[in-house]
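Since the structure comes first, as structure tokens, the remarks are kept for the end.
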Amino acid sequence: MNARRAVEAVWRIESARIVASLVNITRDVGLAEDLAQEALVDALAQWPDAGVPQNPGAWLTAVAKRKAIDGWRRRERLDDRYSAIAHDLSEETASVDAAWEPIDDDVLRLVFISCHPVLAREAQVAMTLRIIGGLSTEEIARLFLVPVATIQQRIVRAKKTLSAAQVPFETPDPAEWKERIASVLGVVYLIFTEGYSATSGSSWMRTDLANEALRIARKLAELVPREPEAHGLVALMEFQASRFAARITASGEPVLLSDQDRARWDHRQIARGSAALVRADAVGRGRGAYCLQAAIAQVHATSPAYADTDWERIVLLYEALGRLAPNPIVDLNRAVAVSFATGPATALRIVDGLAAADSLRGSHLLPSVRGELLARLGRAEEARAEFRRASELTANERERAVLQAKATDLTA
Amino acid sequence: MKYMLIMRQTDEAVEAMKTADFESIINAMGQFNESLVKAGVLLDGDGLSDASEGFVVDFSGPTPTVTDGPYGETHELFNGFWTIQVSSKEEAAEWAKRAPLSPGQKLEVRRITDMSDFEDFADNEYLRSEDEWREMSAEHRKGEQA
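In order, the protein sequence lines correspond to chains A and B. Residue numbering for the first sequence follows this note's numbering, starting at 259 and increasing by one per position. Residue numbering for the second sequence follows this note's numbering, starting at 1019 and increasing by one per position.
Now the structure itself:
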């Protein structure tokens, strides 16, 4: 077993709680993370020979705290702010406490800081994976297929932004809660979708990234068990991830939902999704957007065959979703459901309405759906043009191939 | 990647369990399970009932034979498992080390295969025929529904 990776494994498990305990003292995420990283360097130097301590999280936290005290002592004369904190911290605070029990609320505060609105989306994503997920900069870069320096820069800048804005280490006020939790869930789902339907590159999906997002979502749901949307997000992701094995062929070609071999769906994962949705409903505060999307995914996940899909139920769920948060993508999906529940002509009217309103301009989704409906209505010439247009708009190479094939099939 | 943590114990450990403080064992297990759930890594887990309730199906002879315990040469009996989803083999080991087990008990940790294990065999005729078989059985299912 690789000693370095053994240390990294401890880091993966403990880092969020270590950094959270440290922010509680330093009140500065950037500083806390730097201290924790320095402690990790010590661990990498010592553990391979000395062995992993009994309570590795406590060890890392204690070392980081000692580093904080040393740092403050050095700077005491220079900066009054540091001196005040250094005196509050005794050596005793920094001893290895075998009963070290980090507080979940601290981790939750850390989640809100990582996804704080002063940060840009890209920064929120990098900070969440790094601080909450415990991933290294290298791992994040590999998952996003970008240079390590790019991620490093995003994290350094994010820490500076948080320090400059003096973002408090606290959970949001009830007045802000809804918006802030929505932002956190949005970041986690963004990470998942980037893995689930890669927007760039030749890979249809990057399961590792999606699985990291799922892990963070499960963690989050445990931190805010009274938040139905957190369970709803877990449910949605479990249902979507259950199709991983069936979504690509052995040679890496994408397989559409209608053609997927449902025997290859992960039915244990589907059961976990259903369990998460039950938990969301058990909170008794109704269904939000993630719960509704999860419910739609559940209809597909539990339908024995594509032909058996309860499209009327899906239409109803999309209508509810559209009422909650009007969105052209939701309308487009509703149109697809309507095309199976009622017929392609009715659906085409919805899609034409979206096109007339100039919604979804520049997206390949609208021409792709429109092409599908026109083909079913026997209007092959128009359908072909739509598929071609869609293929020009998508950034995903494999998706482009699928759309081009559809256009060609119509010619044949 | 997914790993299965399979709990095994010797007959002596099974005997020792009978006099142990069962409530404290349940509490320790509960805390361990909770830590797995909170970390977002637990997928599944179950305990197995007493080995005396089980039996063995042996394929040594021309036809399978069913025998009640004891289980031949096996001195360490399986009595429970966890399935976890983690980032590395080392992380699986780190979680395994945290299980509240005692002398005489062991965890066997095994990776669960996934589709990447079969990538090199995309051209394998058995896997290809498996696809065909799937199509056939899908047709068959359609027939049943009709």
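All residues carry an ideal CB built from backbone N, CA and C; glycine is no exception.
| Asked | Found |
| --- | --- |
| Does DSSP classify VAL369 (chain A) as helix, strand or coil? | helix |
| Nearest-angstrom Cα distance between ALA423 (chain A) and GLU296 (chain A)? | 24 Å |
| On the three-state DSSP scale, how would you describe ASP1064 (chain B)? | strand |
| Suppose contacts are defined by Cβ-Cβ distances below 7 Å. Is ALA381 (chain A) in contact with ARG332 (chain A) by that definition? | no |
| Mind checking whether ILE439 (chain A) and ALA471 (chain A) have CB atoms under 7 Å apart? | no |
| Might you give, ordered along the chain, the residues of its own chain that have their beta carbon closer than 8 Å to the beta carbon of PHE1073 (chain B), omitting 5 neighbours on each side? | VAL1084, THR1085, ASP1086 and GLY1087 |
| Could you have a look at ARG656 (chain A) and say whether DSSP puts it in helix, strand or coil? | helix |
| For the candidate residues A:GLU266, A:ILE327 and A:GLN312, whose alpha-carbon lies nearest to that of LEU227 (chain A)? | Residue coverage of chain A in this structure runs from 259 to 670, which leaves residue 227 (chain A) outside it and unanswerable. |
| With burial defined as no fewer than 16 other Cβ atoms inside 10 Å of the residue's Cβ, what is the status of GLU657 (chain A): buried or exposed? | buried |
| First and last residue of the beta strand (DSSP E) that includes THR1193 (chain B)? | Look at the range of chain B in this structure, 1019 to 1164, and you will see that residue 1193 (chain B) is not part of it. |
| Do the CB positions of ILE474 (chain A) and ILE390 (chain A) come within less than 7 Å of each other? | yes |
| My parser needs the alpha helix (DSSP H) runs of 4 or more residues fully inside the region 568–607 of chain A; what are they? | 569–582 and 586–599 |
| Give a yes or no on whether the C-beta atoms belonging to ASP466 (chain A) and LEU401 (chain A) are separated by under 7 Å. | yes |
| Whose C-beta lies closer than 6 Å to the C-beta of ILE554 (chain A) among residues of the same chain, with five residues either side of it excluded? | ILE572 and LEU575 |
| Starting from the C-beta of LYS1160 (chain B), find all residues in its chain whose C-beta is less than 7 Å away, skip the five residues before and the five after it, and write them out in chain order. | Because the pLDDT at LYS1160 (chain B) is just 44, under 50, the model does not fix this residue reliably, and the point stays unresolved. |
| Determine the chain B residues that contact ALA267 (chain A) at a beta-carbon separation under 9 Å, and present them in chain order. | VAL1104, SER1105, SER1106, LYS1107, GLU1108, GLU1109, ALA1110, ALA1111, GLU1112 and TRP1113 |
| Could you name the residues of the same chain whose beta carbon sits closer than 6 Å to that of LEU420 (chain A), not counting the 5 residues immediately before and after it, in chain order? | VAL287 |
| For ASP524 (chain A), does the three-state DSSP call read helix, strand or coil? | coil |
| Would you kindly work out how many angstroms separate the C-alpha atoms of ALA294 (chain A) and ILE276 (chain A), rounded to a whole number? | 7 Å |
| If you pair each beta-carbon of the region 645–661 of chain A with each one of the region 619–626 of chain A, do three or more pairs fall below 8 Å? | yes |
| Between the C-alpha atoms of ARG1116 (chain B) and TRP269 (chain A), what's the straight-line distance to the nearest angstrom? | 15 Å |
| What is the DSSP secondary structure of GLN551 (chain A), reduced to helix, strand or coil? | helix |
| Spatial neighbours of VAL281 (chain A) within its chain, please: CB distance less than 8 Å, with the 5 preceding and 5 following residues excluded, ordered by chain position. | VAL287, ALA290, ASP364, ARG367, LEU368, ILE371 and PHE427 |
| Measure from the C-beta of PRO1020 (chain B) to each C-beta in chain A and report whether the shortest distance is under 7 Å. | The sequence given here places Lys at residue 1020 (chain B); Pro does not occur at that position. Chain A contact via Cβ: absent. |
| Mapping the DSSP letters down to three states, classify LEU448 (chain A) as helix, strand or coil. | helix |
| Check GLU485 (chain A) in the structure and name its three-state DSSP category. | coil |
| Leaving out five residues before and five after ASP271 (chain A) in sequence, what residues of the same chain have Cβ atoms less than 8 Å from its Cβ? | It is Ile, not Asp, that sits at residue 271 (chain A) in the sequence shown. Correct list, in chain order: GLY315 and GLY392. |
| Which chain A residues sit within Cβ distance under 8 Å of VAL1055 (chain B)? | ARG476 and GLU480 |
| Name the one or two DSSP bridge partners that ILE1024 (chain B) has. | B:PHE1099 and B:GLU1126 |
| Can you give me the C-alpha to C-alpha distance between GLU655 (chain A) and PHE645 (chain A), rounded to a whole angstrom? | 14 Å |
| Verify the CB distance criterion: does GLY1058 (chain B) have a CB-CB separation below 7 Å to chain A? | yes |
| Let me confirm a value: ALA583 (chain A) is counted as buried when at least 16 other C-beta atoms fall within 10 Å, else exposed. Which label applies? | exposed |
| Compare the C-beta of ALA540 (chain A) against all C-beta atoms of chain B and say whether one is closer than 7 Å. | no |
| Does DSSP put GLU359 (chain A) in a helix, a strand or coil? | coil |
| Are three or more beta carbon pairs between the region 541–551 of chain A and the region 1027–1043 of chain B nearer than 8 Å? | no |
| Taking Cβ-Cβ distances shorter than 8 Å, what residues in chain B pair up with ALA217 (chain A)? | For chain A, the structure presents residues 259 to 670; residue 217 (chain A) sits outside this window and is missing. |
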